[in-house]
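Participant: Following this message is one structure expressed as structure tokens.
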Ligand SMILES: Cc1cc2nc3c(=O)[nH]c(=O)nc-3n(C[C@H](O)[C@H](O)[C@H](O)COP(=O)(O)OP(=O)(O)OC[C@H]3O[C@@H](n4cnc5c(N)ncnc54)[C@H](O)[C@@H]3O)c2cc1C
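Numbering (the working numbering), first residue to last: 3 to 465.
Rendered as structure tokens:
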């Protein structure tokens with residue numbers, strides 16, 4: 003390969019970092035070098051796809067999970083060609099319609115990286131570094147990525163694909179005598195739980211469902227309590243094909259209250275006409291970044307405070323078979339509660355139920371944190387702190403993540419758009435809100451890859 007024209011350092015090798023590398027590989031006509039760095043060293047899998055269990059399924063159909071915006075069948079074609087995937091699939095359902103195991107998706111992402119590593123004809127050279135980026139040193143026209151080992155890697159552009167914030171911390175005291183699983187993405191941790199131990203799960207979203215499924219498959223017999231403020235569960239997908247609803251001509255400006263009313267009335271109209279509310283949610287989803295951008299700070303705060311739990315259960319749906327398993331478990335050992343925990347001490351959890359004056363006491367041996375990632379971007383990572391302190395990065399007004407331009411370029415303290423620091427995926431939540439799932443992130447990858455290569459592909463003949 004000729005001397006690289008561009009050296010890109012990608013910090014984080016989950017879906018965002020991996021899909022960006024794969025998009026660059028697909029689009030680049032010039033010699034470039036990519037250094038993909040991950041502190042956990044699990045390249046491709048990231049947090050979501052590192053589960054070893056086949057019963058942890060994608061919550062999006064295979065047909066929507068390609069890593070490439072412009073090649074939507076890529077994942078389905080890969081599954082069809084992979085002779086080992088068969089045992090993880092259902093025979094009677096077309097592959098594109100299936101909710102396949104997340105571990106299969108992790109294999110797909112590792113395959114994408116391997117394709118770059120083994121492509122000797124291509125113009126992209128990929129290096130994998132298993133290390134934490136502990137600091138970032140801005141030089142005049144290059145940037146040093148300082149690794150935990152002390153080594154520094156010099157690059158032209160840096161993409162921060164850092165993933166979700168750390169799990170939110172319990173807003174109540176837990177005594178040392180209680181066993182706690184603080185990280186819901188430590189998928190094998192529930193294996194430590196004895197079959198008869200009563201378990202309290204904080205959170206009733208998709209991570210709770212992962213934990214309950216793990217307990218169910220390890221034949222847990224004890225009580226399982228799952229609690230959140232509203233006690234709402236993700237709603238199920240449906241088997242039937244959803245009608246495509248176009249909301250293109252609709253006016254999405256206006257207050258949050260007006261928008262919510264609008265979505266409710268559209269949903270009701272669909273249902274009354276024999277359709278499904280899911281079609282409306284699916285139709286709204288691509289407009290979310292524009293709606294978020296136009297909404298006032300007050301409305302964004304209102305959304306986070308009042309609407310988020312409702313948006314989440316309609317937007318993040320589960321396979322209907324999983325929903326059926328939960329219903330079955332609810333009849334015998336799973337209890338969903340709405341309220342808040344006051345404290346967990348001496349084997350007892352004190353709970354104030356929503357809309358009730360009474361304090362409920364539960365015997366519990368384990369508490370699992372399934373509250374999801376902290377909402378605010380933590381600046382505990384030194385590399386993030388450095389970028390903020392030196393003005394290379396700023397946070398969005400609600401401090402949910404980095405302030406970015408539409409390309410993913412960070413907005414500097416000076417107000418300039420950075421020409422060397424970028425981000426994508428969950429750290430850009432504050433700018434677009436919906437950027438945590440594959441369909442949205444792969445779009446960001448396409449835009450960012452195009453931007454990074456812009457003007458460079460044309461240079462190729464002169465290099
Ligand atoms: C449990 C779960 C299930 C999901 N299921 C689906 C689904 O079915 N369909 C869907 O579309 N979406 C799903 N999502 C959402 C989405 O796909 C993921 O959030 C997405 O994979 C995010 O990828 P990421 O690379 O941005 O983050 P991550 O996967 O978290 O990867 C970030 C990586 O950055 C590394 N890192 C962080 N800081 C540093 C540093 N300083 N130095 C070096 N490395 C660093 C971390 O080690 C990590 O590996 C799911 C999410 C979760 C959590």
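Where a beta carbon is used, it is the ideal one built from N, C-alpha and C, also for glycine.
1. Residue 49: buried (16+ other C-beta within 10 angstroms of its C-beta) or exposed?
2. Just mark residue 369 as buried or exposed, buried being the case when its beta carbon has 16 or more other beta carbons within 10 Å.
3. I think residue 214 touches residue 228, with their Cβ atoms under 8 Å apart; what is that distance to the nearest whole Å?
4. Taking a contact to mean a Cβ-Cβ separation below 8 Å, would you say residue 339 touches residue 361 in this structure?
5. Below 7 Å, is the gap between the Cβ of residue 18 and the nearest heavy atom of ligand 1?
6. How about residue 102 and residue 138: do their beta carbons lie closer than 8 Å?
7. Any heavy atom of ligand 1 closer than 7 Å to the CB of residue 104?
8. Give the range of the beta strand (DSSP E) segment to which residue 159 is assigned.
9. In terms of DSSP beta bridges, what is residue 404 paired with?
10. Ignoring anything shorter than 4 residues or poking outside the stretch 53 to 102, list the alpha helix (DSSP H) runs there in chain order.
11. Three-state secondary structure (DSSP) at residue 437?
12. As a quick exercise: from 236, 442, 218, pick the residue whose alpha carbon is nearest that of residue 70.
13. Run through the stretch 154 to 228 for me and flag every whole beta strand (DSSP E) of 3 or more residues, listed as ranges in chain order.
14. Does the distance between the C-beta of residue 435 and the nearest non-hydrogen atom of ligand 1 fall short of 7 Å?
15. Who are residue 337's beta bridge partners in DSSP?
16. Between which two residues does the beta strand (DSSP E) holding residue 411 run?
17. Cβ-heavy atom distance between residue 14 and ligand 1 below 7 Å?
18. How many whole angstroms separate the CB atoms of residue 426 and residue 18, which I take to be in contact at a CB cut-off of 8 Å?
19. Using CA atoms only, rank isn't needed, just tell me which of 265, 16, 230, 283 is closest to residue 245.
Facilitator: So, from the listed chains and residues:
1. buried
2. buried
3. 7 Å
4. no
5. yes
6. no
7. yes
8. 159 to 162
9. 397
10. 76 to 83
11. coil
12. 442
13. 154 to 157, 159 to 162, 181 to 183, 201 to 204
14. no
15. 227
16. 411 to 413
17. yes
18. 5 Å
19. 283
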